[in-house]
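**Q** Under our numbering, think of the first position of the sequence shown as 17, with each following residue one higher. Yeah, the Cβ is synthetic: ideal placement off N, Cα and C, and Gly gets one too. Sharing a structure here in structure tokens format.
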Amino acid sequence: PDLTLSLYHSAADGRLQEAEVSASPLYCVLQNGGYFYFKVENRWQFLTEAFAPLSGLSVVAGDYRYTSLDAYFSTDQSSAVSGIVQGRTGGYFNGWLNSADFTISLRPSPQVAFSIRYLWNELRDVGTAGSYRNTVLVAPEVRLALNPRVQLIGFYQYNTAAQQAALNVRLSWEFQPLSYIYLVVNTRESLAGNTLSQTEQIIFKATYLWQL
């Protein structure tokens, strides 16, 4: 069992901005390296200005108190195949939030690693009574290593909340200790409306450590 109290104050005037009391009546660590827990959270938010959790939703300034239930399960993250499952349901400011988060990772060899994350959120009555939003985030990632000094990392993100898709690919080479060459390619595409908007960026960077 676990009980946690967290308080967050403003650095400017010391005013209490947020308080959280969470209790975990069940927290188990498995012999194979995995673990799971169940948690109840009570949260107080003291907003001094409007807050927009998503585009088109606005929570007015004021004091809010809400309770949520969280469940989390993780297998051994050092194994060749691993996974994480997390779920949440409960209040969110003046509305309700349901959330499910899944991650699967594959590591067939020390040089190769794959992972994919799927996050789903459902918001009801947040900001305005009767409002409804459903968002999805899908994020696959690939990591390839020729050796400890040469690595290629690719990351893609499809995000309906931000209404965009993004791709990031980075090649790094440590040609001598603490000296690197990077080549980064970024692509971002808007998912809003019927007009396709896409930006592309290529970055080259080199760092060299010279010791006297």
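Hey, how far is the Cα of N150 from the Cα of E205?
**A** If you number the sequence shown from 1, residue 150 lands on position 134. If you number the sequence shown from 1, residue 205 lands on position 189. Approximately 20 Å, taken between the alpha carbons.
**Q** Rounded C-beta distance between G111 and D141? I'm assuming under 8 Å.
**A** The residue given as residue 111 occupies position 95 in the sequence shown. The residue given as residue 141 occupies position 125 in the sequence shown. At roughly 4 Å, the Cβ-Cβ gap stays under 8 Å, so G111 and D141 are in contact.
**Q** What are the boundary residues of the beta strand (DSSP E) that A129 is part of?
**A** As a first step, residue 129 is located in the sequence shown; it is residue number 113 there, counting from the start. Where A129 is concerned, the enclosing beta strand (DSSP E) stretches over 128-140.
**Q** Is the stretch 156-171 in contact with the stretch 182-202, if contact means three or more CB pairs nearer than 8 Å?
**A** Counting Cβ pairs under 8 Å, three or more are found: they touch.
**Q** Determine whether the beta carbon atoms of G229 and S125 lie at a separation below 7 Å.
**A** No information on residue 229 is available, as it lies outside the stretch 17 to 228 that the chain covers here.
**Q** Where I218 and F171 are concerned, what is the direct C-alpha to C-alpha distance, given to the nearest angstrom?
**A** Translated into the one-based positions of the sequence shown, residue 218 becomes position 202. Translated into the one-based positions of the sequence shown, residue 171 becomes position 155. When rounded, the distance between both Cα atoms is 15 Å.
**Q** Please state whether DSSP places Q47 in a helix, a strand or coil.
**A** What you label residue 47 is simply residue 31 of the sequence shown in a count that begins at 1. Coil.
**Q** Could you pull the DSSP bridge partners for E65 from this structure?
**A** Position 49 of the sequence shown, counting from 1, holds the residue named residue 65. Bridge partners of E65: none, in fact.
**Q** State the DSSP-derived secondary structure class of R31, mapped to helix, strand or coil.
**A** In the sequence shown, residue 31 corresponds to position 15, counting from 1. Three-state DSSP puts R31 in coil, outside helix and strand.
**Q** Could you pull out every residue in the same chain whose Cβ sits closer than 7 Å to the Cβ of S98, ignoring the five residues on either side in sequence?
**A** Position 82 of the sequence shown holds residue 98. Excluding positions up to five away in sequence, the list reads T91, D92, S121.
**Q** To which residues of the same chain is S94 closer than 8 Å at the C-beta, ignoring the five residues directly before and after it?
**A** Working through the sequence shown from its first residue, we reach residue 94 at position 78. Excluding sequence neighbours, S94 sits near G49.
**Q** Under 6 Å Cβ to Cβ from A222, same chain only, skipping five residues before and after it: list those, please.
**A** Counted from its first residue, the sequence shown places residue 222 at position 206. Cβ neighbours of A222 beyond the five flanking positions: I197.
**Q** What are the boundary residues of the beta strand (DSSP E) that T176 is part of?
**A** In the sequence shown, counting from the first residue as 1, residue 176 sits at position 160. Per DSSP, T176 belongs to no beta strand (DSSP E) and is neither H nor E.
**Q** Provide the residue(s) that pair with Y88 in DSSP beta bridges, ordered along the chain.
**A** Counted from its first residue, the sequence shown places residue 88 at position 72. Looking at the DSSP assignment, Y88 forms a beta bridge with Y53, Q102.
**Q** To the nearest angstrom, report how far apart P156 and A178 are at their CA atoms.
**A** Along the sequence shown, one-based indexing puts residue 156 at 140. Along the sequence shown, one-based indexing puts residue 178 at 162. Cα to Cα, the separation comes out at about 17 Å.
**Q** So what does DSSP say about Q93, is it helix, strand or coil?
**A** Along the sequence shown, read from residue 1 onward, the residue named residue 93 stands at position 77. Reduced to three states, the DSSP call for Q93 is coil.
**Q** Please report the Cβ distance between L153 and Q173, rounded to the nearest whole angstrom; I am assuming they are in contact, meaning their Cβ atoms lie under 8 Å.
**A** Here residue 153 refers to the residue found at position 137 of the sequence shown. Here residue 173 refers to the residue found at position 157 of the sequence shown. With a Cβ gap of about 7 Å, L153 and Q173 count as contacting.
**Q** Where Y243 and A35 are concerned, what is the direct C-alpha to C-alpha distance, given to the nearest angstrom?
**A** Nothing about residue 243 can be reported from this structure: the residues present for the chain run from 17 to 228 only.
**Q** For a quick check, are the C-beta atoms of L23 and V37 less than 7 Å apart?
**A** Within the sequence shown, numbered from 1, the residue matching residue 23 stands at position 7. Within the sequence shown, numbered from 1, the residue matching residue 37 stands at position 21. Contact: no.
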